[in-house]
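Trainee: After the structure tokens below, expect a handful of questions from me.
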Amino acid sequence: MPRKKKPRKSLPQELLVEGKNDFHVISALCQKYDVPETFHIIKPEDAEGIEAVLEVIPDKLNQTNLMTLGIVVDADENVAARWQAVTNKLQRFGYQNIPQILPEDGWIDTQEEKPKIGVWLMPNNKLPGMLEDFVGYLIPLEDKLKDKAEAILKQIEIENINAYSLTHSQKAFIHTWLAWQKTPGMPMGQAITAKALSNNSEIANIFITWLKRLFNT
């Protein structure tokens with residue numbers, strides 16, 4: 508949107524994300540879907556990434572005025588391990604109704620005298636990946652540049668001349684594709700706002716539905 512910071516007492520619902528790219532992508536989707544601003548998208552103050560999120564979860568759950576906490580992190584290479592890392596933190600605060608496998612439409616739990624909690628693992632709660640994989644699903648089906656970008660990256664990887672690690676192939680793909688748009692190199696969130704990326708995709712609809720259920724919008 509982006510969402511402006513407000514006094515915590517007036518906005519006791521928070522969505523905790525790994526970093527600024529997550530913030531801007533989710534803010535842009537919320538704007539496109541007209542999601543009411545009943546929650547505040549935040550990231551750890553001093554760092555980005557999963558370790559920073561895991562470290563700050565206890566602090567958030569200890570806030571006496573917190574009503575709802577949503578957590579959005581990358582699944583990375585192991586969905587089950589990432590789900591376990593997050594739920595280990597939650598179990599220490601008495602959250603026991605946690606399924607062994609994360610539901611495909613995200614997880615939400617409500618318990619008396621505890622903040623309502625929700626978890627989403629990028630990209631879609633079932634596949635390894637990250638924010639950039641989620642964004643990849645937003646590329647319009649009729650797009651003619653997607654195959655070109657994938658082919659070029661595949662070729663430089665075969666030739667072993669890529670400077671990026673293969674675990675970051677999707678990041679390289681998304682930013683290559685963005686470099687070829689009308690405004691070259693625009694950020695992912697801006698690409699949603701500019702309609703270069705489509706919000707009308709199955710994964711976006713499922714994610715927004717999870718957000719609305721979590722924050723009662």
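So for the sequence shown, the working numbering puts the first residue at 508; every next one is plus one. A virtual CB, placed ideally from N, CA and C, is assigned to each residue, including glycine.
#1: Do you know whose CA, among Glu-521, Cys-537, Gln-618, Pro-543, lies nearest Pro-551's CA?
#2: Taking the beta strand (DSSP E) that Lys-623 falls in, what are its first and last residues?
#3: Nearest to Thr-594 by CA position, among Leu-573, Lys-621, Glu-620, Gly-625, is which residue?
#4: Answer with yes or no whether the minimum CB distance from Leu-648 to chain C is below 7 Å.
#5: Using the DSSP secondary-structure output, state which residues sit across from Trp-684 in a beta bridge.
#6: Run the CB neighbour count on Thr-617, radius 10 Å, all protein chains shown included, and call it buried at 16 or more, exposed below.
#7: With distances taken Cα to Cα, identify the nearest neighbour of Asn-569 among Trp-614, Gly-613, Pro-519, Thr-700.
#8: What residues in its chain sit with their C-beta under 8 Å from that of His-531, if we drop five residues either side in the sequence?
#9: Hey, would you say Val-524 sits closer than 7 Å to Val-579, going by beta carbons?
#10: Using 10 angstroms around the beta-carbon of Thr-575, count the other beta-carbons present and answer buried if the total reaches 16, otherwise exposed.
#11: Leu-638 and Asn-528: beta carbons closer than 7 Å?
#12: For Glu-584, I'd like the list of residues in its chain whose CB is within less than 6 Å of its CB, leaving aside the five on either flank, ordered along the chain.
#13: Bridge partners for Asp-583 per DSSP, in chain order?
#14: Would you mind stating whether Leu-652 and Trp-684 have Cβ atoms separated by less than 7 Å?
#15: Using DSSP with H/G/I as helix, E/B as strand and the rest coil, what is Asp-553?
#16: Thinking just about the alpha-carbon of each residue, which of Gly-526, Leu-573, Pro-543, Lys-567 is nearest to the one in Asp-553?
#17: Short of 7 Å in beta carbon distance, which residues of its chain neighbour Gly-692, apart from the five on each side in sequence? Order them along the chain.
#18: Hey, quick one: how far does the alpha helix (DSSP H) through Glu-709 stretch, first residue to last?
#19: Pull up the distance between the alpha-carbon of Leu-561 and that of Met-629, whole angstroms please.
#20: Just list the residues that DSSP pairs Gly-577 with in beta bridges.
#21: Per DSSP, what kind of secondary structure is Pro-509 in: helix, strand or coil?
#22: Based on the DSSP output, what are the partners of Ile-615 in its beta bridges?
Mentor: Working from what's here:
#1: Glu-521
#2: 623–629
#3: Gly-625
#4: Here chain C cannot be found, since the structure has a single protein chain.
#5: DSSP lists no partner for Trp-684.
#6: exposed
#7: Pro-519
#8: Pro-509, Pro-694, Met-695, Gly-696, Gln-697
#9: yes
#10: buried
#11: yes
#12: Pro-635
#13: Gly-636
#14: yes
#15: coil
#16: Gly-526
#17: Leu-685, Ala-686
#18: 709–722
#19: 15 Å
#20: Leu-522, Gly-625
#21: Reliability fails at Pro-509, whose pLDDT of 46 lies under 50, so the model's placement of it is uncertain and the value that follows must be treated cautiously. Of the three classes helix, strand and coil, the one that applies to Pro-509 here is coil, per DSSP.
#22: Gly-625
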